[in-house]
Each structure stands twice: as C-alpha cells, then as structure tokens.
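Novice: If you're matching them up, the sequences are chains Z and U in order. Its first residue numbered -1, the first sequence is counted upward by one per residue in my numbering. Its first residue numbered -1, the second sequence is counted upward by one per residue in my numbering. Each residue gets a CB set at the ideal place from its N, CA and C atoms; glycine is no exception. Just dropping this structure here.
There are 2 protein chains.
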Amino acid sequence: MKPSIPKGTRDFSSTEVANRTYIMNTIRAAFETYGFQPIETPTFENSSTLMGKYGEEGDRLIFKILNSGDYLAKVDENLLASKESNKVTAKISEKALRYDLTVPFARYVVQHQNEITFPFKRYQIQPVWRADRPQKGRFREFYQCDADVVGSKSLLQEVEFVQLYDEVFTNLGLKGTTIKMNNRKILSGIAEVIGAKDKLIDFTVALDKLDKIGEDGVIKEMLSKGISEEAIENVKPLFQLSGSNTEQLDVLANLLSSSEEGKDGVEELRSVVNTIADLGLQSATLTLDVTLARGLNYYTGAIFEVAAPEGVKMGSIGGGGRYDDLTGIFGLKDVSGVGISFGLDRIYLVLEELGLFEAVELPKPKVLFLNFNEEDNLQRLKAVQALRREGIKSEIYPDTATSNNQQKKQWKYADKRAIPFVISEIENDQYVLKDRVKGEQRNCTLEQLIVETK
Amino acid sequence: MKPSIPKGTRDFSSTEVANRTYIMNTIRAAFETYGFQPIETPTFENSSTLMGKYGEEGDRLIFKILNSGDYLAKVDENLLASKESNKVTAKISEKALRYDLTVPFARYVVQHQNEITFPFKRYQIQPVWRADRPQKGRFREFYQCDADVVGSKSLLQEVEFVQLYDEVFTNLGLKGTTIKMNNRKILSGIAEVIGAKDKLIDFTVALDKLDKIGEDGVIKEMLSKGISEEAIENVKPLFQLSGSNTEQLDVLANLLSSSEEGKDGVEELRSVVNTIADLGLQSATLTLDVTLARGLNYYTGAIFEVAAPEGVKMGSIGGGGRYDDLTGIFGLKDVSGVGISFGLDRIYLVLEELGLFEAVELPKPKVLFLNFNEEDNLQRLKAVQALRREGIKSEIYPDTATSNNQQKKQWKYADKRAIPFVISEIENDQYVLKDRVKGEQRNCTLEQLIVETK
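Rendered as structure tokens:
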C-alpha cells in the first residue's frame, strides 16, 4: 500500500520550498520596510476563540482537535446515543486549527494589550486550515500573509497599503497588477439611494456583470431580484461609470449627495486616490470598483482587492479593508483596524505561469567532489571544508565507487541535481575541475577552486 | 473574560520571532552549505501514517483531528455506548498532527521515490505537536530542525554531521559545546559481553551515574537490576574509561574483542574520531560517551548528542544517529539513513541565558516621521517613500496630533519602539532629524537624511 497524504494537503519539493520562500521573503522584506513587526500565534486556538466568528459555514469548515485521553468518559450517554455530531463535538473537542490570521490577531491584541504600543503595525505569515472541498488553487492547508494596523483611523494607512501592494508585486517582477478599491460607506450610500439595504448584495452582484451581459441584462437581473424600477432609475449613472478615478468619484458624489455616509465614503476614496496620484506607483494601477464588496459584513471603510495582470486567469491575489471593531468580539472596544492580505498560493501560480521564478536560486550544491577512491577522502574533506567556510554550497559523494557503473552513478547524480561544478580527481594537490555549464575542464589549486566556484 | 491560548502553546512577540528566525536562518544556511535541500510536509498526516510508529506512549500523545461533517452517523451504536475512547477514535478521526519530522520524511521518501535522486540529503524545519504535559522548556507545539541523508552507508556522513553541529553552534556564537558520540554496535557488544541483552538499558542508566554515585554505587544499582557479578566483572574497564578518545577506543576494542558487532562499532567510531582530529573543529569538542543510548530501538549505528557549554544547565540541544531501515515501515527496504536534529527551543534558552541575541537586528523601523500637522503629510509620504526605496525601514505616525498631549503620545511611541531616528518637523524642504541614540539634532535635506539613516 503506497503511502499518501490527506486530500487538500501538499508535500513541497525543494524547488517548491525555494520558490515559496522567495515569495514570502519578498513580502516579509516589504512589510518590515513599511514598519510592520512580525508576530506568530499557535497552530491551534481554544475552540471558543474561533467558533462563531466566521458564520455557520465557517464553523463547519474549522478543523477540530479531539481531546486527549479518555475523552468519552464524561460525555452524557444519551447525548452519545442521539448521535448529534455538532453537540457531541462541543463535549469532546476544545481546540481547533487556525482558520485565518485575523481572529487570532484580534485575540492576540486583546490578550497582550498592555505590552503592545498602539498604533500596532503587525504582520503575520503562517498557514491556516479549512475543511473546504479541495479544487485547483484551493487547498485545506495554505499560507496567509497579512499586514494590519490597529489603533488608528488615519487614511494614511490606506495610502500605504496601496503602496505596499505595488512594492511587493513590483519586487516580485509581477508588473501590471490592478489594485481595486471601494469603500463600504459608498455601498451603504447606494443602499440608501436604492432604498433597500437588504438588496445591496444582489445589486452589486448584478452590477458586476455589466461587462458580460450589458445594461439591459443587469437591469433585468435587478428587477428579478426585487429591486424596484424607481431604485434602478436613481442609480443609473453607475451603469455609465467611466473615465478617470476622479471623474468617477465626481459622478458618485453627485449620485450619493443625499447620503451623508455615501458622501463620506466618496471623500475618503478621493483622498486616497489623489494622494496616490501625487506619489505615483511603480507598476500597479489603482482603480475604483463600486461592485467590490468582499466580506461586506466585516469591513466598515476601505475595501481592497488585487487582480493579476491582464491575460492571467486567476481570482484575486490579494485583498483587505478597514474594520472598525475587530477586537470588540474579545472585549476591547473602539480599536479601528485596517489590513491587507497576500494570497501566496495564487501568487505562486501566477509567477509560475509567467516564468518569474527563473532567477530564484535553488538550494542545491554548486560543487560536487566525486568519490572514485578512498585514499583521497581526507583531502576531499579538507577541500570541501575550505569551500564551505567561504559559503560555497558543496558536498562529497558519500560512497566510494568501486566499479565503472558506480562511477557512472556519481556522474548521473551530478546531472540529476544539475550541479554546475564537479571535481572528478585530485592529483598532486591539483583539483580536476569540470565546469558543466561551460563544458570546460581545467586543473587548479584549492585557492583557484574557491575563486572559480564562488 | 480575557482570551487565552491552549496550554503548552505560545504567542511569539516580534522580538521572539526575530530571535527564532535568526536561529533558524543560521541552521538553514549551514544545512544548505552542506548540500542539504529543504522539503516541507503537511501539518496533518493520515492517522495510518503516524499511529504505531512511536510506541504506545507516542500514539497517546498524538493530536487527532475530528472528521468533518456528521462524523457520528456511521459509528456503531454499541461501540459508542461502550465509551471506549480508543476504539471510537479510529472511527471518528482519520487525520493527526505531525508528531516529529522523521516519520513524515520516511513517508515522503517512499511516496516520491521515483522523483528523488539518492543519496537524498534533505532538511526540514517545521513545527511538531505532542499532547505532553507542558513544563519548562517543553511545549505542545515546538519546532524541529532536521537534516538527514538516506541511501548511503558511508561514514563520511557521520563526519559531516559532527562538522555541521560545530558549524551551526560556532555561527550562533555558542562556543564550547560538547558533541557526544556512541555507536549502537558498541552497546550491542556490551550487551553480548554482559550476557544480558535485555539488561542493556538498566546497565547504561546505571553506568551514566558514575560521576554522581561512584563505582560502588553503580555496581550496587546494577546488581539490584539483576545484572550478575560476573557480567559486571567483565566490563569493569568501562568504569575507568578515561583519557583521549583514542585511548578510550583502545580499551573498548580490548573489552569487546569477543564481539564482532562490538568491534565493528569501535572501528566505525575510531574512523570518525580520527578524521575529525585531522580536520579540526571550530569551537566544539567531540567526545565518546558509551552511556549514550537515545532511542535505542531506533538507531543501528552512530548515536549523537550535543550538550550546551559547561555552566549552562540544559538538557541536550541536539541529537541524532544512524538507522538502517527507516523507510521499511512504508515498504521501501534497505535504505540506510543517518540524521541529526537541532532543538530550537532549548537553543533559544541557552542563547538567551548567555546574552547571544544582542546582535540580532529587530524588525522595527529605523526612522519615524512625527505627524504634527496635516499639510506636510504629502511631503512626509514622499520622503518615507524615498527612504523605503533605499531599504530603510521607516514609517509616518498615522494620526495628526491636534494637541500637546497627542504630540507627547507620538514621542512616547518612538520611545517605546526604541526608534533611533525621528523627524519632528519639515521646514522649507529641511528635515529636523533627531538622532535619539547620540542625542543630537540637525537639519538636513532628503538626500542627507538617506545617508544619515541608512
């Protein structure tokens, strides 16, 4: 029986680890340049910390850990006999795997509030787990890379997060990303104007299809969802929203003039858009998207989402927003926060598709000493020690070849691992060095060997 | 109700993350210099992969994950009514958290045997989980840092692992560690000589107390464990084992002359000891320890253990050995392996005790722009953008101070985060720069600011 791993999980080969590390290090470096500090939280939290924070669907998708020991001893017999899995879970499981980084962060802030200096700029790069149905690009174990600021309502943060997205994607060589922004207050304003707060999601979902099904299709869908003709008439300018960000904001300001909240949202967005226009971006484009509504019940101000460059088919590769009362669930009121997240797995797929991993240095030796006789092993050990002290990744083939076949096996090993420099023999303190990239061979001293392979 | 985390788990502050990352990066760099490649395996494995691999105690300490959905639906009612937790577990849990890195590695090698080039030198730095009773230095979630080679029986590997320990601890500034070595075959030889294989552990445990309770005490304990006087007489030279490694090996060779396996073990150790004597170590000492028997049933050749420098009270900070049939449990026979592990948490405590984290660069901004008026924010943003593009960690205090108290709060923020450079004002493109380490203040241009703070 061949061993396997649970569905939705992955083994990573050394090339994959190297590429993933490259992405994470790029994100980490940018986070730190922007003044964010790392924290880490445990893999599992008390169930009470996680349950009820992600809706009913979320509760279902959280991986629960079975209590240790004789966990059934104290469970009521009638409850067991009822076979009500949900109710039994609460009796036999007290811990659960992290479902995202945001709720553990909120828990961390409340628990450590006396050690933290606010505004607190933290980043966190750790795996999370969801018992979701696995599919292409969606796994049961995956990494999130989050940066958040809590304890400040300043819009400078929103500006910096746009810059941070631009910085990371530029540094990854991923040019032409689109940073889409919206504001929850604009959505609330639209709901006010259409006079139907409960229809807001139906409205934005329909509006989002404008490109695909045209104005008539959108209107038809809105009507079918119970949005009145009058309401649709009121927001018709949204169907023609075009031009520069500023022009679109002017249309919105006009449309939402009867809604205080809507006007606030427009002015917040305008401030961010204008500042970014003044500062400039390196490779990304900032655009307005009034249909952007991710996690509607969660965000209270800015909403971010990043799309891969045109031509790459991929869902959003990042997202985030402002939330006014994140820590309230753990008893610390009035701490406004804003944050963004990078989707590591999707970014990986995009970089792979565009061939942007080519420059990543793979963790493999640069130099291999073949081992065709036992007598020279001490000299090989001394040479490899000298190379390693110079930081040159190198190794000796461990087993001494005692036949032609075994010698071939060593050459094959060098081939398969694509090791560029091979020392085949040592003669009178001269190392026979083969440069397998250039296809050259020469004899050299240890000093020359270090120079050649460094 | 203040939020908390499960016992035996930890939150890590940014200083702790930075120090832990420093240790891991030092280990990782040495691993790669020695030709090891990283792999990563999933946090949870199929229970069948882990169960039965760590003994009964291990099975008990493995964290099990509850199946998703209506997991009780198909469980036999009589089984539930019996409340036999162990048997029920098999029906309601199919996955479990990684308990160490070795068994998942063996599973990886077998599963990916056709993609792997042997000898396969892999390293893995990942957390593991054990439902152990938490105590000082022992956690339920902790990292292991392992390097292993599979597919070669060459003793060069053993030599390289001694060098690797020396390299890592030297690079961490931890001088004076002791690398203890033994060989399972020597232990088997001793068992042969005392004529009691089943008493070997009692024997080594007693012998290990020589320093504390003296020869008479050791003999008394051995007798009480049922080891015969005659057997003790046979191995008396072990009680006087002293002198250089070579001298001790000579005594052992003599003592074990009637045991083929014992003699093999002595010669293997002699080869490693002699080669290391020729090569030299940077800061560690290699010593023989015939009482060293960690994981006796597991290792088949060399056994390693590393002790912290004298004066530091701490259990072993590393260990490992050779095992001849690791992958056999998953159906791939005759793959010899040898590996070592670094104990991250204990190394952390040792470095902390010795003050060896002082040089670690903390992830905090070098430069803070105070924010005492709104008008200058665009200029601040432009300045901070210029600094960040030069890789200088920097930030703007997000909220504009509108009172003296709020200004004080910003200074306090700079204090608490120990930010060395603070720009308090901007006047006519001149930045008022306070160097808080030197206690100096000067006005400078943006270009000068970059030079000063880089």
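According to a CB-to-CB cut-off of less than 8 Å, which residues of the segment 318 to 349 of chain U neighbour chain Z?
Specialist: So the close ones are PHE328, GLY329.
Novice: Alpha carbon to alpha carbon, what distance is there between LYS380 (chain U) and THR115 (chain Z)?
Specialist: Position 117 of the first sequence, counted from the first residue, corresponds to residue 115 (chain Z). Position 382 of the second sequence, counted from the first residue, corresponds to residue 380 (chain U). Cα to Cα, THR115 (chain Z) sits roughly 25 Å from LYS380 (chain U).
Novice: Does DSSP put ILE60 (chain U) in a helix, in a strand, or in coil?
Specialist: By 1-based counting over the second sequence, the position of residue 60 (chain U) is 62. Three-state result, ILE60 (chain U): coil.
Novice: Write down the C-beta distance between LYS364 (chain Z) and ILE417 (chain Z) rounded to the nearest angstrom, noting that I regard them as a contact closer than 8 Å.
Specialist: In the first sequence, the residue the question calls residue 364 (chain Z) occupies position 366. In the first sequence, the residue the question calls residue 417 (chain Z) occupies position 419. The Cβ separation is near 7 Å, so the contact holds.
Novice: Can you name, in chain order, every residue of its own chain whose Cβ lies under 6 Å from the Cβ of ASN17 (chain Z), other than the five neighbours on each side?
Specialist: As a working mapping, residue 17 (chain Z) is identified with position 19 in the first sequence. PHE355, VAL358, listed in sequence order.
Novice: Roughly how many whole angstroms lie between the Cα atoms of PHE312 (chain Z) and ILE345 (chain Z)?
Specialist: As a working note, residue 312 (chain Z) is residue 314 in the first sequence. As a working note, residue 345 (chain Z) is residue 347 in the first sequence. Note that residue 312 (chain Z) is Met in the sequence shown, not Phe. About 9 Å.
Novice: Cutting at 8 Å between CB atoms, please list the residues of its own chain near VAL310 (chain Z), excluding the five before and the five after it.
Specialist: Here residue 310 (chain Z) refers to the residue found at position 312 of the first sequence. Taken in chain order, the residues that qualify are VAL348, GLU351, LEU352.
Novice: In this structure, how does DSSP classify LEU247 (chain Z) when only helix, strand and coil are distinguished?
Specialist: For the purposes of this step, residue 247 (chain Z) is taken as residue 249 along the first sequence, with counting starting at 1. Three-state result, LEU247 (chain Z): helix.
Novice: Let me see if you follow: with CB-CB separation under 7 Å, is LEU78 (chain U) close to chain Z or not?
Specialist: By one-based count along the second sequence, residue 78 (chain U) stands at place 80. Judged by the 7 Å Cβ criterion, LEU78 (chain U) is in contact with chain Z.
Novice: Thinking ALA275 (chain Z) and ILE225 (chain Z) are a contact (beta carbons under 8 Å), I'd like their distance in whole angstroms, please.
Specialist: Residue mapping note: residue 275 (chain Z) aligns to position 277 of the first sequence, counting from 1. Residue mapping note: residue 225 (chain Z) aligns to position 227 of the first sequence, counting from 1. With a Cβ gap of about 34 Å, ALA275 (chain Z) and ILE225 (chain Z) do not count as contacting.
Novice: Would a check of beta-carbon distances place ILE3 (chain U) closer than 7 Å to chain Z?
Specialist: On the second sequence, position 5 is the one that residue 3 (chain U) refers to. For ILE3 (chain U), the answer is yes, since a Cβ of chain Z falls inside 7 Å of its Cβ.
Novice: Tell me the residue span of the beta strand (DSSP E) that contains THR285 (chain Z).
Specialist: Counting from 1 along the first sequence, the entry for residue 285 (chain Z) is found at position 287. First-last of the beta strand (DSSP E) with THR285 (chain Z): 283 to 286.
Novice: If the criterion is Cβ atoms closer than 7 Å, does the pair GLN35 (chain U) and ARG120 (chain U) meet it?
Specialist: Translated into positions along the second sequence, residue 35 (chain U) becomes position 37. Translated into positions along the second sequence, residue 120 (chain U) becomes position 122. In this structure, ARG120 (chain U) lies closer than 7 Å to GLN35 (chain U) by Cβ.
Novice: So which of U:LYS414, U:SER422, U:LEU444 has the shortest CA-CA distance to PRO117 (chain Z)?
Specialist: As a first step, residue 117 (chain Z) is located in the first sequence; it is residue number 119 there, counting from the start. Looking at the Cα atoms, U:LYS414 is the closest of the given residues.
Novice: If you compare alpha carbons, which of U:GLU423, U:LYS85, U:GLU113, U:GLU30 is closest to ILE390 (chain Z)?
Specialist: Here residue 390 (chain Z) is taken as the residue at index 392 of the first sequence, counted from 1. It is U:GLU30.
Novice: To test your reading of the DSSP string, which unbroken beta strand (DSSP E) runs of 3 or more residues are found completely within the segment 29 to 92 of chain Z?
Specialist: Qualifying beta strand (DSSP E) stretches, in chain order: 42 to 44, 62 to 64.
Novice: Apart from the five residues on each side of it in sequence, which residues of its chain come closer than 7 Å, Cβ to Cβ, to ARG268 (chain Z)?
Specialist: Position 270 of the first sequence, counted from the start, is the residue given in the question as residue 268 (chain Z). Within the same chain, ARG268 (chain Z) has close Cβ partners LEU247.
Novice: Helix, strand or coil for TYR106 (chain Z), going by three-state DSSP, please let me know.
Specialist: Working through the first sequence from its first residue, we reach residue 106 (chain Z) at position 108. Helix.
Novice: Measure the C-alpha to C-alpha separation of SER80 (chain U) and LEU324 (chain U) and round it to an integer number of angstroms.
Specialist: Stepping through the second sequence from its first residue, residue 80 (chain U) is reached at position 82. Stepping through the second sequence from its first residue, residue 324 (chain U) is reached at position 326. Cα to Cα, SER80 (chain U) sits roughly 37 Å from LEU324 (chain U).
Novice: Within 10 Å of its beta-carbon, does GLU156 (chain Z) have 16 or more other beta-carbons around it, so buried, or fewer, so exposed?
Specialist: The residue labelled residue 156 (chain Z) in the question sits at position 158 within the first sequence. By the neighbour-count rule (16 or more Cβ atoms within 10 Å), GLU156 (chain Z) is buried.
Novice: Give a yes or no on whether the minimum CB-CB distance between GLU393 (chain Z) and chain U is below 7 Å.
Specialist: The residue labelled residue 393 (chain Z) in the question sits at position 395 within the first sequence. Taking Cβ atoms only, chain U reaches closer than 7 Å to GLU393 (chain Z), which makes this a yes.
Novice: Excluding five sequence neighbours on each side, which residues of the same chain lie with their C-beta closer than 8 Å to the C-beta of GLN428 (chain U)?
Specialist: If you number the second sequence from 1, residue 428 (chain U) lands on position 430. Closer than 8 Å at Cβ, skipping near neighbours: ASN441, CYS442, THR443.
Novice: Go through its chain and collect everything with a Cβ distance to THR283 (chain U)'s Cβ below 8 Å, but skip five positions before and after it.
Specialist: Position 285 of the second sequence holds residue 283 (chain U). Correct list, in chain order: GLY174, THR175, THR176, ILE177.
Novice: Going by the CB atoms, is the gap between VAL233 (chain Z) and VAL191 (chain Z) shorter than 7 Å?
Specialist: Here residue 191 (chain Z) corresponds to residue number 193 of the first sequence, with the count starting at 1. Here residue 233 (chain Z) corresponds to residue number 235 of the first sequence, with the count starting at 1. Yes.
Novice: Between THR100 (chain Z) and ARG182 (chain Z), is the Cβ-Cβ spacing less than 7 Å?
Specialist: As a first step, residue 100 (chain Z) must be located in the first sequence, where it is residue number 102. As a first step, residue 182 (chain Z) must be located in the first sequence, where it is residue number 184. Contact: no.
Novice: Chain Z partners of GLU156 (chain U), CB-CB under 8 Å?
Specialist: Here residue 156 (chain U) corresponds to residue number 158 of the second sequence, with the count starting at 1. Near GLU156 (chain U) there are no residues of chain Z at all, since even the closest Cβ is about 10 Å away, more than 8 Å.
Novice: My assumption, with CB atoms under 8 Å, is that GLU92 (chain Z) sits in contact with ILE3 (chain U). Please give the rounded CB distance.
Specialist: Counting from 1 along the first sequence, the entry for residue 92 (chain Z) is found at position 94. Counting from 1 along the second sequence, the entry for residue 3 (chain U) is found at position 5. The Cβ separation is near 12 Å, so there is no contact.
Novice: What does ILE176 (chain Z) pair with, by DSSP beta-bridge criteria?
Specialist: Counting from 1 along the first sequence, the entry for residue 176 (chain Z) is found at position 178. Reading off the sequence shown, one finds Thr at residue 176 (chain Z), where the question assumed Ile. Z:THR283, Z:ALA305, per the DSSP bridge assignment.
Novice: Compare the Cα-Cα distances from SER255 (chain Z) to each of Z:GLY187, Z:ASP200, Z:PHE201 and report the closest residue.
Specialist: As a first step, residue 255 (chain Z) must be located in the first sequence, where it is residue number 257. It is Z:GLY187.
Novice: Below 7 Å on C-beta distance, what does PRO361 (chain U) contact in chain Z?
Specialist: Sequence index remark: in the second sequence, residue 361 (chain U) carries index 363 (1-based). Chain Z residues near PRO361 (chain U): GLU30, GLN35, PRO36.
Novice: Please look up how many angstroms separate the CB atoms of PRO40 (chain U) and GLU139 (chain Z), rounded, as I've assumed it's under 8 Å.
Specialist: If you number the second sequence from 1, residue 40 (chain U) lands on position 42. If you number the first sequence from 1, residue 139 (chain Z) lands on position 141. Yes, PRO40 (chain U) and GLU139 (chain Z) are in contact; Cβ-Cβ is about 6 Å, under 8 Å.
Novice: May I have a chain-ordered list of the alpha helix (DSSP H) segments no shorter than 4 residues that lie completely inside the segment 96 to 166 of chain U?
Specialist: If we require 4 residues or more, the alpha helix (DSSP H) runs fully inside the segment 96 to 166 of chain U come out as 100 to 109.
Novice: If PHE237 (chain Z) and GLU213 (chain Z) are in contact, beta carbons under 8 Å, what's the gap, nearest whole angstrom?
Specialist: Numbered from 1 along the first sequence, position 239 holds the residue referred to as residue 237 (chain Z). Numbered from 1 along the first sequence, position 215 holds the residue referred to as residue 213 (chain Z). Confirmed, about 5 Å.
Novice: For TYR106 (chain Z) and chain U, any beta-carbon pair shorter than 7 Å?
Specialist: Within the first sequence, the letter at position 108 stands for residue 106 (chain Z). Closer than 7 Å to some Cβ of chain U, the Cβ of TYR106 (chain Z) qualifies, so yes.
Novice: ARG415 (chain U) lies in the alpha helix (DSSP H); which residues open and close that run?
Specialist: The residue given as residue 415 (chain U) occupies position 417 in the second sequence. Neither: ARG415 (chain U) is in no alpha helix (DSSP H) and is coded neither H nor E.
Novice: Are ALA94 (chain Z) and SER45 (chain Z) closer than 7 Å when you measure CB to CB?
Specialist: Against the first sequence, residue 94 (chain Z) aligns to sequence position 96. Against the first sequence, residue 45 (chain Z) aligns to sequence position 47. In contact: ALA94 (chain Z) and SER45 (chain Z) (Cβ atoms closer than 7 Å).
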